[in-house]
Structures are given as structure tokens and as C-alpha cells.
Amino acid sequence: MEYRTGQLVRSKAGRDKGTEYLVIRAEGNYIYVADGKTRRLERLKKKKIKHVQGSYEISDEIVECLENGTLEDHMIRRILARRSS
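Quick note, the sequence shown lines up with residues -9 to 75 if you use this note's numbering.
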């Protein structure tokens, strides 16, 4: 599976197993993710793609905000909360 910016993923391995994230950047075999709480935009989590389970859901709002440079942590938290409820 190819990961794209704005895609929702769930961690399959590590201390954060089961945590949902949004992909902020993808580079080769790694993705950089944030959840807006413990992993904020200032300190992205670097994950190997084999350690995450991707969904086919992509947040257009996140993609648009990244392109504009207006993405903030509270937006990520809102999108992840909306998904889990």
C-alpha cells in the first residue's frame, strides 16, 4: 500500500500500538505521522510503513491545510475524534 498525505493510519507495533495517526509526510519506507496530542506537528513520529495499517480514508481538509501551510494540532485532533466516534 502506498501512503499519502492526509491518510488515516493505525499503529501495529511499538509502544503506541493501536494509536490512530494522520500521515503528514511519506518518504520511501517511512511515514511521518501526528495525532495532535502526544505527537504534535513540531515533533512528528517517524514510523516504518510495515508497522502501520493504512485505511483508504484520506482527509481532504488536512491535505488542503498542509498545502496552504495552515495545519494546526487541534485540526488533527478534531478529525481523529470524528473518526473514532
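The beta-carbon is built from N, C-alpha and C at its ideal position, and this holds for glycine as well. None of these values were measured; they are calculated from a predicted model.
- Of the residues assessed, Ser49 falls on the buried side of the cut-off, its CB having 16 or more other CB atoms within 10 angstroms.
- Straight across, the Cα-Cα distance linking Ala71 with Gly(-4) is about 15 Å.
- Per DSSP, the unbroken alpha helix (DSSP H) holding Glu54 starts and ends at 50 to 58.
- By the neighbour-count definition (other C-beta atoms within 10 Å, threshold 16), Gly8 is an exposed residue.
- Each of Ile39, Ile52, Ser45 was checked against the Cα of Leu31, and the nearest Cα belongs to Ile52.
- Taking C-alpha positions only, Arg68 is separated from Thr28 by approximately 14 Å.
- In the three-state scheme derived from DSSP, where H, G and I count as helix and E and B as strand, Arg15 is classed as strand.
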